[in-house]
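Enquirer: Can you keep this structure in mind? I'll have questions shortly.
Numbering (my numbering), first residue to last: 543 to 764.
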């Protein structure tokens, strides 16, 4: 049984950086680079056109930077995972990456193995941001999540989630993929995917990362 490769869009304003990432990923038959973008606007256009599963997004770019591009991309294409990439490890940027809805965060000197592992993990629904940095990012998010309409809405309650859903949410906070969670709980990957969709809906979250943020705010994740 063959598996289709993970489609990836590379976004960086430096040609050499894009070429370097493409060369690294060319060694991994599980990944297929479908395009390159030099700025945030081009990234949004190509995402709509190519529908990549994963976008490797440079943080610092002229015009619309990577963080703003990621926010817009996640709002319009929630099924596309974003990995933020930067030249240096900066806790403040990790906070901003979580705010933007990124599922992963890497420095540009990451090894080919780590890059491929992160792409595979986020494409499968995982969150690959160091747990301590993720928690620090979440602790800075003091404002409530924006509701989907201007009408007053009741805030989600912890008891809205079943025990199974709470267990899955905790595993999501550890960056586990649907397959990993299914293996742990003895459930099919498709069943976990449905549970995750229900969790996101119940917590009125935009995506998995936002659901983890909500879960930590509610005390469901210690």
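No residue lacks a Cβ here, since even glycine has one placed at the ideal position from N, Cα and C.
Owing to the predicted nature of the structure, the values given are computational and were not obtained by experimental measurement.
Would you grab the beta carbon distance between residue 605 and residue 638 for me? Rounded to a whole angstrom, and I think it's under 8 Å.
Expert: Residue 605 sits at position 63 when you count from the first residue of the chain shown. Residue 638 sits at position 96 when you count from the first residue of the chain shown. About 17 Å; that fails the 8 Å criterion.
Enquirer: May I ask which residues mark the beginning and end of the beta strand (DSSP E) holding residue 611?
Expert: Start at 1 with the first residue of the chain shown, and residue 611 comes out as number 69. Unbroken run through residue 611 is the alpha helix (DSSP H), 608–618; no beta strand (DSSP E).
Enquirer: Quick one: give me the first and last residue of the alpha helix (DSSP H) that residue 578 is part of.
Expert: The residue labelled residue 578 in the question sits at position 36 within the chain shown. Not the alpha helix (DSSP H): residue 578 falls in the beta strand (DSSP E), residues 573–579.
Enquirer: Give the straight-line distance between the Cα atoms of residue 720 and residue 612, rounded to the nearest whole angstrom.
Expert: For the purposes of this step, residue 720 is taken as the residue at position 178 of the chain shown. For the purposes of this step, residue 612 is taken as the residue at position 70 of the chain shown. Residue 720 and residue 612: Cα-Cα distance of roughly 23 Å.
Enquirer: CA-CA distance, residue 578 and residue 551?
Expert: Translated into positions along the chain shown, residue 578 becomes position 36. Translated into positions along the chain shown, residue 551 becomes position 9. Rounded to whole angstroms, residue 578 to residue 551 spans 6 Å at the Cα level.
Enquirer: Take residue 734 as the anchor and find which of 642, 710, 640 has the nearest alpha-carbon.
Expert: Stepping through the chain shown from its first residue, residue 734 is reached at position 192. Nearest option by C-alpha distance: 710.
Enquirer: When DSSP labels each residue in this structure, what does residue 728 get in the three-state scheme?
Expert: Start at 1 with the first residue of the chain shown, and residue 728 comes out as number 186. Three-state result, residue 728: coil.
Enquirer: What are the boundary residues of the alpha helix (DSSP H) that includes residue 646?
Expert: Numbered from 1 along the chain shown, position 104 holds the residue referred to as residue 646. From DSSP, residue 646 is part of no alpha helix (DSSP H) but of the beta strand (DSSP E) over 646–649.
Enquirer: By Cβ distance below 8 Å, which residues in the same chain neighbour residue 660 in space, the five residues on each side in sequence not counted?
Expert: Stepping through the chain shown from its first residue, residue 660 is reached at position 118. If we look at residue 660 and ignore the five residues flanking it on each side, its Cβ neighbours are 625, 646, 648, 652, 670.
Enquirer: According to DSSP, is residue 760 helix, strand or coil?
Expert: As a working note, residue 760 is residue 218 in the chain shown. Of the three classes helix, strand and coil, the one that applies to residue 760 here is coil, per DSSP.
Enquirer: Could you give the residue range of the alpha helix (DSSP H) that holds residue 588?
Expert: Position 46 of the chain shown, counted from the first residue, corresponds to residue 588. Residues 582–592.
Enquirer: From which residue to which residue does the beta strand (DSSP E) around residue 623 run?
Expert: By 1-based counting over the chain shown, the position of residue 623 is 81. Note, residue 623: beta strand (DSSP E), 623–628.
Enquirer: Skipping 5 residues on each side, what residues in its chain have a beta carbon closer than 6 Å to that of residue 554?
Expert: Position 12 of the chain shown, counted from the start, is the residue given in the question as residue 554. Cβ neighbours of residue 554 beyond the five flanking positions: 560, 600.
Enquirer: Under 8 Å between the Cβ atoms of residue 658 and residue 572?
Expert: On the chain shown, residue 658 is found 116 positions in, with the first residue counted as 1. On the chain shown, residue 572 is found 30 positions in, with the first residue counted as 1. In this structure, residue 572 lies closer than 8 Å to residue 658 by Cβ.
Enquirer: Figure out for me which residue from 662, 729, 641 has the closest Cα to the Cα of residue 546.
Expert: Looking up residue 546 in the chain shown gives position 4. With distances taken between Cα atoms, residue 546 lies closest to 662.
Enquirer: Which residue comes first and which comes last in the alpha helix (DSSP H) that contains residue 638?
Expert: Within the chain shown, numbered from 1, the residue matching residue 638 stands at position 96. Looking at the DSSP string, the run of the alpha helix (DSSP H) that includes residue 638 is 633–642.
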